[in-house]
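Note that the protein sequences, when read in sequence, are chains A and B.
To convert a position in the first sequence, counted from 1, into the numbering used here, add 17.
To convert a position in the second sequence, counted from 1, into the numbering used here, add 17.
Ideal Cβ positions, reconstructed from N, Cα and C, are used throughout, including at glycine.
Below is one structure, written out as structure tokens, with a few remarks after it.
2 protein chains.
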Amino acid sequence: MSKNNNKPIEIPKPTFERLKKYHALLLQEKDKEYISSEEIAEKLNITPEQVRKDFTYLNINGKPKIGYHIPSLEKELSEFFGTWILDNIIIIGAGNLGSALAKYKGFKKIGIRVAAIFDNDPEKIGSLVGELSVLPLAEIKRVIKRFKVKIGVICVSENSAQEIAELLIQNGIKAIWNFTPVNLQTPPGIIVENQDITTGILTIKHLMEKE
Amino acid sequence: MSKNNNKPIEIPKPTFERLKKYHALLLQEKDKEYISSEEIAEKLNITPEQVRKDFTYLNINGKPKIGYHIPSLEKELSEFFGTWILDNIIIIGAGNLGSALAKYKGFKKIGIRVAAIFDNDPEKIGSLVGELSVLPLAEIKRVIKRFKVKIGVICVSENSAQEIAELLIQNGIKAIWNFTPVNLQTPPGIIVENQDITTGILTIKHLMEKE
DNA sequence: TAGATTGTTAATCGATTAACAATC
DNA sequence: TAGATTGTTAATCGATTAACAATC
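Encoded structure:
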């Protein structure tokens with residue numbers, strides 16, 4: 018029986034978001050070999066049925082009475098997200114956030130390596146952020162080619178975000194991870210993922226208001 | 018006609034998330050006085066119908082042929098999220114991420130003030146992060162009381178996250194903004210908002226894989 | 001075998017979209 | 001007035017939940 022790896026069905030958005038949570042959860046569960054849908058559900062405050070339903074979108078098989086084999090689950094989710102492929106990223110903006118990201122330890126296990134960090138402030142250029150030396154924007158072109166970078170992270174001020182996005186796209190970047198609140202205008206085919214840092218605290222504020 | 022401000026209908030989760038986006042978008046639109054649902058929709062890649070439907074959950078009224086009055090929209094959303102109330106927060110962990118958050122400029126406009134930053138590393142205690150001096154954990158109790166802090170931000174390492182959460186809750190914290198990938202165990206009534214920083218890049222990786 | 005848990009189909013529930021009347 | 005855009009109801013679509021058969 019040959020492996021059937023065509024995936025004809027598009028994954029629903031809510032399921033996609035939960036797959037990320039399963040992925041994160043499993044990276045924490047290193048002590049056990051098997052885990053049941055019941056157990057996963059409890060930790061994430063959802064129902065076991067939902068967990069099993071979500072897993073039908075992947076090539077995942079559990080064993081009745083035992084549960085799901087954690088390493089296999091992990092492998093499947095890792096393939097789904099492509100975390101076993103190493104992607105080089107570049108960070109534009111060596112301010113607080115950019116620097117913190119450049120030094121972030123958690124990227125390794127999801128297949129991300131920070132190739133370089135850039136800034137246009139002469140005072141910052143040449144200074145060290147972790148093990149990286151801050152490079153001038155003029156170096157972007159070279160670094161993208163050299164490290165085959167497809168993902169750019171924008172951590173600059175709001176008023177230069179659009180400009181930087183265009184610069185990145187001109188130089189062949191395919192995906193932008195945008196940490197500014199600016200709605201970037203980009204041509205079709207470019208992936209833009211907005212990571213508004215304030216989003217979580219807005220939920221907290223709203224929930225607290227009701228009490 | 019008296020203002021009817023009972024809000025009997027619970028807001029759907031997807032609508033809630035979009036309200037955050039409208040809120041962020043409006044903070045960018047300072048040049049115009051009115052904006053149409055069409056215009057909002059275009060910028061956020063959704064439909065105008067959805068925008069109008071979402072607004073029915075708030076006390077928002079647009080004018081046919083003109084659109085929505087931006088300052089009023091902003092005020093309504095600000096009340097919804099409680100961004101006009103100033104909340105003091107404390108940050109635990111003065112590493113890269115904790116320090117970046119402590120210095121983050123965007124908190125002010127959503128009604129957040131960082132009251133203090135803590136660490137248990139003797140080398141960090143007393144050092145400056147922006148305008149704040151890093152305090153030892155022993156000071157947490159006092160600071161929470163003094164500044165009536167209800168929100169705690171966890172930026173420590175994975176293995177002390179749970180412990181810190183318990184410490185915060187013991188000292189009266191009502192909501193936790195968790196930047197670690199750990200699934201915190203908390204008593205009922207405590208709000209926990211997990212802000213997994215890697216979530217955005219997983220989406221990017223998955224989308225890129227398909228091409 | 002009996003029991004527990006998976007996997008899947010059908011039923012329900014909720015959100016989005018479409019249609020159109022109201023209105024500035 | 002005519003036209004454009006809002007606001008709302010009804011129809012559709014999609015996701016979740018429930019039920020239960022399959023299976024280790």
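Legend entry - Candidates A:197, A:92, A:64 and A:161: closest to residue 12 of chain A by CA position: There is no way to answer for residue 12 of chain A, as the model of chain A reaches only from 18 to 228.
Inset, instruction - Pull up the distance between the alpha-carbon of residue 102 of chain B and that of residue 129 of chain B, whole angstroms please. - result: 8 angstroms
Legend entry - Limits of the alpha helix (DSSP H) - the one that residue 91 of chain A falls within: 87–98
Legend entry - the segment 34–46 of chain B touching the segment 209–225 of chain A, judged by at least three CB pairs closer than 8 angstroms: yes
Inset, instruction - Determine the chain A residues that contact residue 99 of chain B at a beta-carbon separation under 8 angstroms, and present them in chain order. - result: 222, 223, 225 and 226
Legend entry - One or two residues paired with residue 194 of chain B in a DSSP bridge: B:170 and B:210
Inset, instruction - Could you tell me which chain A residues have their CB closer than 9 angstroms to the CB of residue 166 of chain B, listed as they occur along the chain? - result: Result: empty, since nearest Cβ-Cβ is about 12 angstroms, beyond 9 angstroms.
Inset, instruction - Flag this pair as yes or no: are the beta carbons of residue 173 of chain B and residue 106 of chain B separated by less than 7 angstroms? - result: no
Inset, instruction - Determine the burial state of residue 64 of chain A: buried for a count of at least 16 other Cβ atoms within 10 Å of its Cβ, exposed for fewer. - result: exposed
Inset, instruction - Consider the Cβ of residue 162 of chain A: report whether some Cβ of chain B lies at a distance smaller than 7 angstroms. - result: no
Inset, instruction - With residue 135 of chain B as the anchor, note down where its beta strand (DSSP E) starts and where it stops. - result: 129–136
Legend entry - At least 3 beta-carbon pairs within less than 8 angstroms: the segment 43–59 of chain B vs the segment 71–87 of chain B: yes
Inset, instruction - Measure the Cβ-Cβ separation of residue 134 of chain B and residue 74 of chain B and say whether it is below 7 angstroms. - result: no
Inset, instruction - Find the residues of chain A that neighbour residue 123 of chain B, judging by a C-beta separation of less than 8 angstroms, and give them in chain order. - result: 198, 214 and 215
Legend entry - chain A contact residues for residue 116 of chain B, given Cβ-Cβ distances below 8 angstroms: 113 and 117
Inset, instruction - Verify whether the separation of the beta carbon atoms of residue 214 of chain A and residue 186 of chain A is less than 7 angstroms. - result: no
Inset, instruction - Give the secondary structure of residue 224 of chain A by DSSP, where H, G and I count as helix, E and B as strand, and everything else as coil. - result: helix
Inset, instruction - Could you check which residue in B:78, B:193 and B:43 has the C-alpha nearest to that of residue 212 of chain B? - result: B:193
Inset, instruction - Look at the alpha carbon of residue 176 of chain B and the alpha carbon of residue 145 of chain B, and state the distance between them as a whole number of angstroms. - result: 25 angstroms
Inset, instruction - Inspect the beta-carbon positions of residue 117 of chain A and residue 147 of chain A and report whether they are closer than 7 angstroms. - result: no
Inset, instruction - Within the same chain, show all residues whose beta-carbon is closer than 8 angstroms to that of residue 149 of chain B, passing over the 5 residues directly before and after it, in chain order. - result: 119, 131, 133 and 134
Inset, instruction - Please state if the CB of residue 164 of chain B and the CB of residue 114 of chain B are separated by a distance shorter than 7 angstroms. - result: no
Legend entry - Helix, strand or coil at residue 153 of chain B according to DSSP, with G and I counted as helix: strand
Inset, instruction - Determine, using beta carbons only, whether residue 137 of chain A and residue 161 of chain A come nearer to each other than 7 angstroms. - result: no
Legend entry - Classification of residue 19 of chain A by the beta-carbon crowding that lies within 10 angstroms, buried from 16 upward: Low confidence applies here, because residue 19 of chain A scores a pLDDT of 34, under 50, leaving its location unreliable and the question unanswered by this model.
Inset, instruction - Give the interface partners of residue 60 of chain B over in chain A, defined as CB-CB distance under 8 angstroms, in chain order. - result: 200
Inset, instruction - Establish whether the CB of residue 171 of chain B and some CB of chain A are separated by less than 7 angstroms. - result: no
Legend entry - Cβ pair residue 111 of chain A, residue 141 of chain A closer than 7 angstroms: yes
Legend entry - residue 98 of chain B to residue 152 of chain B span [Cα, whole Å]: 30 angstroms
Inset, instruction - Mind reading off the beta-carbon distance from residue 122 of chain B to residue 200 of chain A? Whole number of angstroms is fine, and I expect it under 8 angstroms. - result: Their Cβ separation, rounded to whole angstroms, is 19 angstroms, which puts residue 122 of chain B and residue 200 of chain A out of contact at 8 angstroms.
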